[in-house]
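Take the sequence shown: its letters are residues -21 to -1, 1 to 363, numbered as in mature numbering (1 follows the signal peptide of the UniProt record, and there is no 0).
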Amino acid sequence: MPRSSPTITPLFTLRLGLSLSALSPFPTFLAYAKTIFHHLQNPPPSLFNSLIRALSSGKTPLEALPLYHTMLQSGLKPDHMTYPFVIKACNESSVTWFGLLVHTHVVKSGFECDSYIVSSLIHLYANGKDLGAAKQLFNLCSDRDVVSWNAMIDGYVKRGEMGHARMVFDRMVCRDVISWNTMINGYAIVGKIDEAKRLFDEMPERNLVSWNSMLSGFVKCGNVEEAFGLFSEMPCRDVVSWNSMLACYAQCGKPNEALALFDQMRLWAIEVNSIVGTALVDMHGHTAMSKKPNNFFKEMKEAGVEPNDITFVAMLSACSHAGMVDEGQKLLDCMSSSYGIEPKVEHYGCVIDLLARAGLLEEAMELIGTMPMEPNPCAVGGIA
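Dropping the structure here:
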């Protein structure tokens, strides 16, 4: 006997759309689902849950909170599928006070023993730096899952309390890769690179985040050889890996290695972020390099690096040290016209210093007179 096809109702279609929108990278998908939802009369709790989940996982998690309020006003009862994502929205939006209110609703509804909800609350309190409340919930929870343990570790790590984080980590029966990565990253942040490396070597299974966390630790400590050794061993790399290694060379004054890696990144069309790009420009201006600063700046733009006001400070400083008067003045002039960045006193100060170094004191004084802000001692220090 042939199997009958399921009936496809509008509610089923919407529920499917909302579920998929939580996973979709396209904001228009979620916007369309929201429009349909708000045209429904008396949507059931399942649709509220689907939309709350989609919003909490998207770029505008704060929108999930008024929807939760609407759900309550409609007389509908939240359930174990509602609370975790409302709490997640509070966490993602840094609205801890609303999370406290939701916690009272959880208790009144009798869901205070649900392990998934408790894990969400622990993460909320730990992320909101109320580790006392997080620890109390954690100790009261009889059915702790790995998410609860990781939330406690993450809370201690964010406060730099690596001793407490390690105690929780050592008590874990079952650890996942997030447990290990959080500890490695925590040790790297506080400068305990040996502890980070020891855990990294003990990891039963590593992912890309593990490698990047360890690499970041070596970069932070200025350990170029160890950083490059790890970078070379990585089974795969992403844009974070490349930028970390590039930042290491730039921060440690390794111009030849930095430029070689920069050229390699351009060849592979790997994006250089603006912070690393600024560090490269700054290094370029203070070292004797074969390429002219303005040529390097052009290469950065071709590589897709968007300059910011700090990049221009570094670039103007490079021009000042290289004695490139015309290039420095052109850069100052094009900041607002070409990049929409209004020059600050620091930018004027670099050009004033450039003119003074070149013996063009009259031009330097004229520039001071045209400044739209009051010059400070740093700006006029070059002609003092």
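Using N, Cα and C, we set each Cβ at its ideal position, and we do this for glycine too.
Quick caveat: nothing in here was measured; it's all calculated off a predicted structure.
Three-state class that DSSP yields for residue i in the structure shown
i           : result
Thr39       : coil
Gln20       : coil
Thr161      : helix
Pro45       : helix
Met244      : helix
Ala267      : Any reading at Ala267 needs caution, since the residue's pLDDT is 45, under 50, leaving its predicted position unreliable; the model's value is listed next. Correct three-state label for Ala267: coil.
Val85       : helix
Arg138      : coil
Glu345      : helix
residue 407 : There is no way to answer for residue 407, as the model of the chain reaches only from -21 to 363.
Val74       : coil
Ser53       : coil
Pro183      : coil
Met294      : helix
Val169      : coil
Thr7        : helix
Thr61       : coil
Ala130      : helix
Glu325      : helix
Ser121      : coil
residue 376 : Lying before the first or after the last residue shown, residue 376 is absent from the chain, which here runs from -21 to 363.
Lys233      : coil
Asn252      : coil
Ala301      : helix
Phe210      : helix
Asp149      : helix
Cα-Cα separation, residue i to residue j
i           : j      : result
Ala267      : Trp247 : Any reading at Ala267 needs caution, since the residue's pLDDT is 45, under 50, leaving its predicted position unreliable; the model's value is listed next. When rounded, the distance between both Cα atoms is 27 Å.
Glu353      : Glu281 : 35 Å
Arg145      : Gly208 : 27 Å
Gln230      : Asn202 : 11 Å
Pro286      : Asp133 : 33 Å
His48       : Leu346 : 57 Å
Pro22       : Phe16  : 8 Å
Lys137      : Asp305 : 47 Å
Ala293      : Leu238 : 17 Å
Arg150      : Ser158 : 12 Å
residue 372 : Asn160 : With the chain represented from -21 up to 363, any question about residue 372 goes unanswered, as that position is not in the structure.
Glu236      : Asn28  : 52 Å
Leu311      : Met344 : 16 Å
Ile320      : Leu19  : 46 Å
Ala355      : Asp173 : The amino acid at residue 355 is misidentified as Ala; the sequence shows Asn. So the alpha carbons of these two residues sit roughly 45 Å apart.
Thr349      : Ile254 : 30 Å
Met213      : Arg185 : 10 Å
Leu339      : His326 : 17 Å
Ser(-18)    : Val81  : Legend: pLDDT at Ser(-18) = 47, less than 50; position of this residue unreliable, value from coordinates given subsequently. If you take the alpha carbons of Ser(-18) and Val81, they lie about 43 Å apart.
Ala12       : Glu71  : 21 Å
Val169      : Gly111 : 22 Å
Pro351      : Ser127 : 54 Å
Ser73       : Asn106 : 9 Å
Val152      : Val125 : 9 Å
Thr290      : Ala10  : 36 Å
Pro52       : Leu116 : The identity of residue 52 in the sequence shown is Gln, whereas the question assumes Pro. Going by the C-alpha atoms only, they are around 29 Å apart.
Asp242      : Ala301 : 22 Å
Lys270      : Lys277 : Summary for Lys270: the model assigns pLDDT 49, below 50, so the residue's position carries little reliability; its value from the coordinates is reported in the next sentence. About 11 Å.
Val85       : Glu250 : 45 Å
Ser98       : Ser316 : 51 Å
Thr7        : Ser36  : 15 Å
Cys215      : Leu333 : 44 Å
Asp180      : Lys199 : 19 Å
Pro24       : Ser88  : 15 Å
Pro183      : Leu240 : 31 Å
Ile31       : Asn118 : 29 Å
Ala258      : Arg245 : 17 Å
Asn252      : Phe210 : 18 Å
Contact check, residue i vs residue j, beta carbons under 9 Å
i      : j      : result
Leu100 : Ala68  : no
Val219 : Ser189 : no
Asp122 : Ser94  : yes
Glu83  : Asp109 : Per the sequence presented here, residue 83 reads as Thr, with Glu not at that position. Taking 9 Å as the Cβ cut-off, Thr83 and Asp109 do not qualify as a contacting pair.
Distance between beta carbons of residue j and residue i, contact taken as under 8 Å
i      : j      : result
Cys298 : Gly307 : 4 Å
Gly78  : Leu103 : 5 Å
Leu194 : Ala206 : 6 Å
Gly142 : Ala175 : Going by Cβ atoms, the distance from Gly142 to Ala175 rounds to 15 Å, so no, they are not a contact pair.
Leu46  : Leu34  : 7 Å
Asp288 : Lys323 : 6 Å
Ala226 : Ser192 : At roughly 15 Å, the Cβ-Cβ gap does not stay under 8 Å, so Ala226 and Ser192 are not in contact.
Contact test: residue i Cβ vs the ligand PLP heavy atom, cutoff 8 Å
i     : result
Ile15 : Absence of the ligand PLP from the depicted structure is noted, as is the absence of any ligand whatsoever, leaving it without description.
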